[in-house]
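Data first, discussion second: the structure below is written as structure tokens.
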Amino acid sequence: MTTAAVESHTPRPASSALHPTGGFLTGFTHSLQTYIGCRFGCAYCYVQGSHVHRFFNGGLAWGDYAFPRQGVAERLAQELARFESKGQLGSLAIFCSSSTDPYQGAEREWQLTRRCLAVFVESPPALLVIQTRSPLIERDFDLLSALGERCWLSMTLETDRDDVRQALTPHCPSIARRVQTLRAARAAGLKVQVAVSPCLLYSAAESFGDLLLDLGERVVVDSYLSGDGQGGKRTARTTIPAEYVRLGWGAWQAEEAARSLYAWLRERMGESAGWSQAGFTHLARLNQGTGVAHPGNQSTSQQ
Ligand code: SF4
Numbered sequence: 029m030t031t032a033a034v035e036s037h038t039p040r041p042a043s044s045a046l047h048p049t050g051g052f053l054t055g056f057t058h059s060l061q062t063y064i065g066c067r068f069g070c071a072y073c074y075v076q077g078s079h080v081h082r083f084f085n086g087g088l089a090w091g092d093y094a095f096p097r098q099g100v101a102e103r104l105a106q107e108l109a110r111f112e113s114k115g116q117l118g119s120l121a122i123f124c125s126s127s128t129d130p131y132q133g134a135e136r137e138w139q140l141t142r143r144c145l146a147v148f149v150e151s152p153p154a155l156l157v158i159q160t161r162s163p164l165i166e167r168d169f170d171l172l173s174a175l176g177e178r179c180w181l182s183m184t185l186e187t188d189r190d191d192v193r194q195a196l197t198p199h200c201p202s203i204a205r206r207v208q209t210l211r212a213a214r215a216a217g218l219k220v221q222v223a224v225s226p227c228l229l230y231s232a233a234e235s236f237g238d239l240l241l242d243l244g245e246r247v248v249v250d251s252y253l254s255g256d257g258q259g260g261k262r263t264a265r266t267t268i269p270a271e272y273v274r275l276g277w278g279a280w281q282a283e284e285a286a287r288s289l290y291a292w293l294r295e296r297m298g299e300s301a302g303w304s305q306a307g308f309t310h311l312a313r314l315n316q317g318t319g320v321a322h323p324g325n326q327s328t329s330q331q
């Protein structure tokens, strides 16, 4: 193992677990990150331009590190106990994660996300959304099941074309493997949302749409322009514009394909198909509809 490899997984003790959130995630009360950084290293990832990467990167490029937030589960237990003592546990809506993938490879060894799930089973929030693109989550279906209807698996599937996946996100799990995980999640009775985010080049609205109808109880679609939180400015600072030129894929800003797919799904799924921010926050807004007061939701931090 090289020195860089050791440094790329140096644990960073967690000083806290839950971060008040807002902005793109308005409606969720908190986000939870079990790692800092992400070894999936997607070309379009907006986190590479964020303060999280600038502050914590330790001299490493985006995609080259995943620092385990050591002790995050213990912090989470303490914080949930405080919410419980104030009678606020049932008002928490938590998104895990917004600036890392909680089931990237390091999770196999560190099990930080699994430990956090075990804490949630003991002290359940109103809503927990697990956002990942990794089949490793299959390991934890038992804990997701234990959380019941309050827990949603939101799995990223930006395209049905593996050549497109390989071009922009070569370190991510294959499309076929993710489809297999989504099918297993449905078979296990989990609540499943598919996030076509950002929508990349796909085969055809009918074939990709049919697949999505089969895989998810809900589907959220967005584009670089609508989904990066800054109208495409964050994406413009990544390698995506150059990659689209190199690959001959046309204008990276074009939204027509994403909009067509969304319209196709909306016709068949109604409100279970969502667009961009409204689609992602739909579950949290439903939770707010219960009329329970939300604690500490004032920050626009994406962390
Ligand atoms: S998996 Fe998510 S957090 Fe990780 S690099 Fe890709 S977009 Fe960013």
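One rule links them: number in this note's numbering = place in the sequence shown (from 1) + 28. Yeah, the Cβ is synthetic: ideal placement off N, Cα and C, and Gly gets one too. Just so you know, these numbers come straight off a predicted model, no measurement behind them.
By the criterion of a C-beta distance shorter than 7 Å, residue 186 is surrounded in its chain by 224, 225, 226, 227 and 228, once the five residues flanking it on both sides are discounted. Exposure of residue 267 is indicated by the presence of fewer than 16 other C-beta atoms within 10 angstroms of its C-beta. The residue from 210, 139, 195 and 257 with its alpha-carbon nearest to that of residue 275 is 195. Annotation: the continuous beta strand (DSSP E) that includes residue 159 extends over 155 to 160.
Nearest neighbour of residue 146 by Cα position, chosen from 80, 47, 86 and 172, turns out to be 172. Residue 308 carries a helical assignment under DSSP once its states are collapsed to helix, strand and coil. The set of residues whose C-beta lies within less than 6 Å of a heavy atom of the ligand SF4 reads, in chain order, 66, 68, 69, 70, 73, 75, 128, 129 and 161.
Of 54, 219, 152 and 68, the smallest CA-CA separation from residue 198 is found for 68. Look at the stretch 243 to 298 and you find these whole runs of alpha helix (DSSP H), each 4 residues long or longer: 252 to 255, 261 to 264, 268 to 275 and 284 to 297. One thing to note: residue 140 has its Cβ within 8 Å of the Cβ of residue 96. Secondary structure at residue 68: coil, using DSSP grouped into helix, strand and coil.
Residue 163 carries a helical assignment under DSSP once its states are collapsed to helix, strand and coil.
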